[in-house]
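Letter by letter, the sequence shown follows residues 4 to 81 in this note's numbering. Here the structure comes first, spelled out in structure tokens, and everything after it is commentary.
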Amino acid sequence: MKTNVIGKHVQRCTGSRSQAQPGQAAYTVPEVAALLGLTPGRTYALVRRGSIPARRMSRGQWMVPKRCFHRWLEGWSS
Numbered sequence: 004m005k006t007n008v009i010g011k012h013v014q015r016c017t018g019s020r021s022q023a024q025p026g027q028a029a030y031t032v033p034e035v036a037a038l039l040g041l042t043p044g045r046t047y048a049l050v051r052r053g054s055i056p057a058r059r060m061s062r063g064q065w066m067v068p069k070r071c072f073h074r075w076l077e078g079w080s081s
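Below is the structure:
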């Protein structure tokens, strides 16, 4: 199972504030759900658990940086 690989990747993508750039493109959780073919509820659960790289923004909204998301997907194909 790739849980450890995903955990390390999520930390690399979302752990450093220096990577956050103003105007960085990101997906919403419903957009990620559509891309993965999952329900929004299941996707929110994966985001909260840290399985999908995401950041909690103001008012509790989750955003998934596109660059981190696509790197995460590439990790599954290799």
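Glycine is no exception: its CB is placed at the ideal position from the N, C-alpha and C atoms.
Bridge-paired residues (DSSP) for residue i
{"i": "Ser60", "result": "Correcting the residue identity first, residue 60 is Met in this sequence and not Ser. Answer is none; Met60 lacks a bridge partner."}
{"i": "Pro68", "result": "Ala29"}
Three-way DSSP call (helix, strand, coil) for residue i in this model
{"i": "Gln14", "result": "Low per-residue confidence applies at Gln14: pLDDT is 47, beneath 50, and the placement is therefore not dependable, though the value from the model is reported in the following sentence. Helix, per DSSP."}
{"i": "Ala28", "result": "coil"}
{"i": "Gly40", "result": "coil"}
CA nearest to the CA of residue i, picked from the options
{"i": "Ala28", "options": "His73, Arg62, Tyr47", "result": "His73"}
{"i": "Ser43", "options": "Pro33, Trp75, Pro56", "result": "The residue you asked about is not Ser; residue 43 is Pro in the sequence shown. Among Pro33, Trp75, Pro56, the Cα nearest to that of Pro43 belongs to Pro33."}
First and last residue of the uninterrupted alpha helix (DSSP H) at residue i
{"i": "Gly44", "result": "43-52"}
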